[in-house]
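For the first sequence, my numbering gives the first residue as 91, with consecutive numbering after it. Beta carbons: idealized from backbone N, C-alpha and C, even for Gly.
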Amino acid sequence: MSDHRYDPSEIEPRWQQVWETERTWEVSNDPDDRDKSYVLEMLPYPSGEPHIGHLKVYSVGDAVAHFQRRTGKRVLHPMGYDAFGLPAENHAIRTGQHPRDSTAAAIASFQKQFREWGISIDWTREFGTHEPRYYRWTQWIFLQLLEHGLAYRKDSAVNWCPNDATVLANEQVVDGQCERCGAEVEIRQLEQWFFRITDYADRLVDDLDTIEWPEHVKTMQRNWIGRSEGAEVVFRCEELGIDYPVFTTRPDTLFGATFFVMAPEHPDVERLAKGTGHEEEVREYVNRVLTHDKEERGSADREKTGVALGRTVTNPVNGEQIPMYVADYVLMEYGTGAIMAVPGHDERDYDFATKYGLEIRRVVEGTPEEGGDEHGLPYPGDGPLVNSHPDFDGMPNREALRAIVDWLDREGKGHASVNYRLRDWLLSRQRYWGCPIPVVHCEACGIVPVPEDQLPVVLPDVEDYAPKGKSPLAAAEDWVATTCPRCDAPARRETDTMDTFVDSSWYFLRYCDSANDEAAWDPAVVAQWAPVDQYIGGVEHAILHLLYARFFVKALHDLGHLSHQEPFAKLFTQGMITKDGAKMSKNKGNVVAPGSIVASHGADTARCYILFIGPPDQDADWSDKGLEGVHRFLSRLWRLSAAVAQETPDHPIPDDIDGDDLALVRKAHWAIEKVTGDMAGRFAFNTAIAAVMELTNEISRAYNDGSPSPGPLRFALTTAASLLFPFAPHTASDAYHLLTGERVWEEPWPASDPVYLDEETFELVCQVNGKVRDRVTAPSEAGEDELKALAHASPKLAPHLDGKTVVKEIVVPGKLVNIVVR
RNA sequence: GCCCGGGUGAUGGAAUGGUAGACAUAAUGGCCUCAAAAGCCAUGGUCCUUCGGGACGUGCGGGUUCGAGUCCCGCCCCGGGUACCA
Numbered sequence: 091m092s093d094h095r096y097d098p099s100e101i102e103p104r105w106q107q108v109w110e111t112e113r114t115w116e117v118s119n120d121p122d123d124r125d126k127s128y129v130l131e132m133l134p135y136p137s138g139e140p141h142i143g144h145l146k147v148y149s150v151g152d153a154v155a156h157f158q159r160r161t162g163k164r165v166l167h168p169m170g171y172d173a174f175g176l177p178a179e180n181h182a183i184r185t186g187q188h189p190r191d192s193t194a195a196a197i198a199s200f201q202k203q204f205r206e207w208g209i210s211i212d213w214t215r216e217f218g219t220h221e222p223r224y225y226r227w228t229q230w231i232f233l234q235l236l237e238h239g240l241a242y243r244k245d246s247a248v249n250w251c252p253n254d255a256t257v258l259a260n261e262q263v264v265d266g267q268c269e270r271c272g273a274e275v276e277i278r279q280l281e282q283w284f285f286r287i288t289d290y291a292d293r294l295v296d297d298l299d300t301i302e303w304p305e306h307v308k309t310m311q312r313n314w315i316g317r318s319e320g321a322e323v324v325f326r327c328e329e330l331g332i333d334y335p336v337f338t339t340r341p342d343t344l345f346g347a348t349f350f351v352m353a354p355e356h357p358d359v360e361r362l363a364k365g366t367g368h369e370e371e372v373r374e375y376v377n378r379v380l381t382h383d384k385e386e387r388g389s390a391d392r393e394k395t396g397v398a399l400g401r402t403v404t405n406p407v408n409g410e411q412i413p414m415y416v417a418d419y420v421l422m423e424y425g426t427g428a429i430m431a432v433p434g435h436d437e438r439d440y441d442f443a444t445k446y447g448l449e450i451r452r453v454v455e456g457t458p459e460e461g462g463d464e465h466g467l468p469y470p471g472d473g474p475l476v477n478s479h480p481d482f483d484g485m486p487n488r489e490a491l492r493a494i495v496d497w498l499d500r501e502g503k504g505h506a507s508v509n510y511r512l513r514d515w516l517l518s519r520q521r522y523w524g525c526p527i528p529v530v531h532c533e534a535c536g537i538v539p540v541p542e543d544q545l546p547v548v549l550p551d552v553e554d555y556a557p558k559g560k561s562p563l564a565a566a567e568d569w570v571a572t573t574c575p576r577c578d579a580p581a582r583r584e585t586d587t588m589d590t591f592v593d594s595s596w597y598f599l600r601y602c603d604s605a606n607d608e609a610a611w612d613p614a615v616v617a618q619w620a621p622v623d624q625y626i627g628g629v630e631h632a633i634l635h636l637l638y639a640r641f642f643v644k645a646l647h648d649l650g651h652l653s654h655q656e657p658f659a660k661l662f663t664q665g666m667i668t669k670d671g672a673k674m675s676k677n678k679g680n681v682v683a684p685g686s687i688v689a690s691h692g693a694d695t696a697r698c699y700i701l702f703i704g705p706p707d708q709d710a711d712w713s714d715k716g717l718e719g720v721h722r723f724l725s726r727l728w729r730l731s732a733a734v735a736q737e738t739p740d741h742p743i744p745d746d747i748d749g750d751d752l753a754l755v756r757k758a759h760w761a762i763e764k765v766t767g768d769m770a771g772r773f774a775f776n777t778a779i780a781a782v783m784e785l786t787n788e789i790s791r792a793y794n795d796g797s798p799s800p801g802p803l804r805f806a807l808t809t810a811a812s813l814l815f816p817f818a819p820h821t822a823s824d825a826y827h828l829l830t831g832e833r834v835w836e837e838p839w840p841a842s843d844p845v846y847l848d849e850e851t852f853e854l855v856c857q858v859n860g861k862v863r864d865r866v867t868a869p870s871e872a873g874e875d876e877l878k879a880l881a882h883a884s885p886k887l888a889p890h891l892d893g894k895t896v897v898k899e900i901v902v903p904g905k906l907v908n909i910v911v912r
């Protein structure tokens, strides 16, 4: 065996060549009798070189794809590049290399490495989202949404990143900072393009119940959408004759509203204060608050501040005049920018009321619990109503809530209402490297969509693409100057480009029909593959990409272009690979480059190790020593295969095997059972690989003893190679080929034979009072009485039973006997 | 604060309420070798031991059970998400 040397640098390119020339992983759009399975990993953002996270996500996805194929599925496993966007553009600005060129270089590097890793991709479907043949259809989708009112332009307060010199979507602002560059985000009043994702808020929440996603991702989406049910209630300022609707989730506490608060940004604040004598104070306060940065204002711990407006509004349920305030704890972005304050039952209102000496009234009887003041207030819980109105007092508050809303509705003073935290998706960007928005601005006709037959609106080549606060495209005069498609008058092109997340919100649809030049896709073809059966990617996209893609599919479904409503039936989020406990980064100098690992140990070792290191949804720390261990395992399996292939003839397994031969065959069947179970419905690659290791160790021991017969030995080894294939495709293919002359991917997934799974005997655990005292061999078919007798017969149990009374005997067939004594 | 994860040997991690620590790494001893590497064999939670075995052991404290890493109650610590959302 020692004369065979495991050399991945020879084995891996050889099999990659076979897959390349034979186009092994291509799949046609012509259905056959197999079930389909669409396995997809999130497409890479091509910048620089692939990193270890890429190796992980594609190793996981490839294992799934291979397992699906070998268990008889027709598998779609494509690849593409999310090529437009800020990182590429910023990189280009830094290096002076045009984003088109740096992106092309990065894509080439990814393509090369994906092949070196041996990922089983159908390359015929490949595209980059920056290619006109792709973004032509991104523009088409935009026009579809525009035509149906789901894309619109409006002037509003938007997030602006001063560093990247562009607006951002709410989803791209993290803790008041730009998600990409970390700069403090400013608020600017600008006219921008939006997608009406809020129209889909309810369905985006409700349909989470129809998909198999990790619960924490669903929760993040629910929280982001932030659906709250309650009521809109109108408070009227009699002096000025203006109605102020507020949103509340607690209309049951309306009788406890003792003041009214407006956000400092509320447009009516100044007008309300005017002529009350509070004017100056209010103006000063508002100015001070609005110049505070968002971060400081966002914290709930911060002491609330506010000033009186000098006006009152009428509480619609009891006609009380309650004072109006402006305060920084009320946000303009949520609800109506004004609230009714119920200090008795809301902690924030309570804090404010305490500070400014405002009335605090209990209207819900509470069970006394910890916290609160000497009266147990604020009390946020449930209970019967008090101090409200004879019609409602004594009524459980949840019931009263409905009754009060009904009453408001009848009186025309309010109605049931649902509020969302979700805002419409701001999609325009004042940047160069993105998909042009296909509209024209005409003085006479206004905004005019570019006719479909004129798509794509091609992104022009410009020399100076640095951000300037307005789109760099604006400088491309001969591109901007055009004629109105409607009236033929001189007109100007839209110069903003689309957010990169628009590009990636439909790419999984395009893979199904990527060669189609007549349409974005043929609905029949997409219907055949969709939805993605297994989607795999990082949890960092939980509310960005994953929410946007769901919105796109629902909108396109409603417009009649799709027959499904959820893009990703199952989602798996993989954990990060760290080094020395820290995220890999160039600054820390702890980067493990996949390319160098592949060069030194081979792709199979790298892939297998990443899957073996631990459960793939958890973070894991990279260890070079651990990598060596996996390398030794692959090497041992391969060398055994090479030796056995050479030394032993190909024999069938005789019917009457026993001893070591039988043990070997049994172990092989045990491994089939274990690996299959770990792969089907689970992502337990670590334990699956451990099972193949166990099998290989047993084969190795038997081989070194010189005991096994050729049939069982070959069977066990062939099985090991076959089971290993999804994780280490090159090594497994080579070992399998050495042993059988066959191609392992053309073989069905091995099936375990129950005959070999059942042993005639098992190790019976004998316990006294739950403590293990002995282990004896027992016949598998032994009955309870026989097992009890075996346990009692054990000399090791005798001292523990001596002089004691047997109280109870528990028998778990096939496992143990527990004798309870006193 | 709230919502999710997680806490098991020196290390990464295994364990449908039923033998805790599979598999791998590090370590130790041995074989092979002039030597080393590779490979192979053995040991491998802690403490005690008359070497038969015994006691303890899965973050902490209780509980349910014949039996708890696993289930329940109350905490502690770590990681992630989210946070004046009315």
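Am I right that residue i and residue j are in contact with their C-beta atoms under 8 Å? What's the rounded C-beta distance?
i      : j      : result
Val530 : Pro575 : 6 Å
Arg804 : Asp740 : 6 Å
Ser561 : Arg521 : 7 Å
Ala645 : Leu235 : 6 Å
Leu785 : Ala758 : 6 Å
His435 : Pro470 : 6 Å
Asp297 : Gln655 : 6 Å
With DSSP as the reference, identify every bridge partner of residue i, one or two as the case may be.
i      : result
Gly396 : Ala417
Thr663 : Gly627
Ser812 : The partner list for Ser812 (beta bridge, DSSP) is empty, contrary to what the question assumes.
Lys244 : Gln282
Arg583 : Val530
Phe702 : Looking at the DSSP assignment, Phe702 forms no beta bridge with any residue, so it has no partner.
Ala431 : Phe349
Evaluate residue i with the Cβ neighbour count: other Cβ atoms within 10 Å of its Cβ, from every protein chain shown; 16 or more gives buried, anything less gives exposed.
i      : result
Gln229 : buried
Ser192 : buried
Asn249 : buried
Ser92  : Confidence at Ser92 is low in this model, with a pLDDT of 48, below 50, so the placement of that residue is unreliable and no value is reported for it.
Thr585 : buried
Lys381 : Reading off the sequence, residue 381 comes out as Thr, not Lys. It counts as exposed.
Thr895 : exposed
Ala353 : buried
His465 : exposed
Ser686 : exposed
Cys68  : Limits of the chain in this structure are 91 at one end and 912 at the other, which puts residue 68 out of reach.
Gly801 : buried
Of all the options the options, which has the alpha carbon lying nearest to the alpha carbon of residue i?
i      : options                        : result
Arg863 : Pro869, Glu871, Leu854         : Leu854
Ala428 : Ile687, Glu437, Asp418         : Asp418
Val324 : Phe482, Glu501, Asn908, Ala353 : Glu501
Tyr793 : Met132, Ala693, Leu807         : Leu807
Phe284 : Val150, Leu517, Ile494, Ser731 : Leu517
Arg392 : Phe442, Asn377, Val376         : Phe442
Gly650 : Pro800, Ala614, His631         : Ala614
Pro98  : Leu880, His721, His759, Pro744 : His721
Ser137 : Tyr171, Ala431, Lys308, Arg582 : Tyr171
Tell me whether the beta-carbon of residue i lies closer than 8 Å to the beta-carbon of residue j.
i      : j      : result
Thr343 : Val454 : yes
His188 : Met674 : no
Ile626 : Phe598 : no
Trp619 : Lys126 : yes
Pro433 : Ile450 : yes
Ile527 : Met588 : yes
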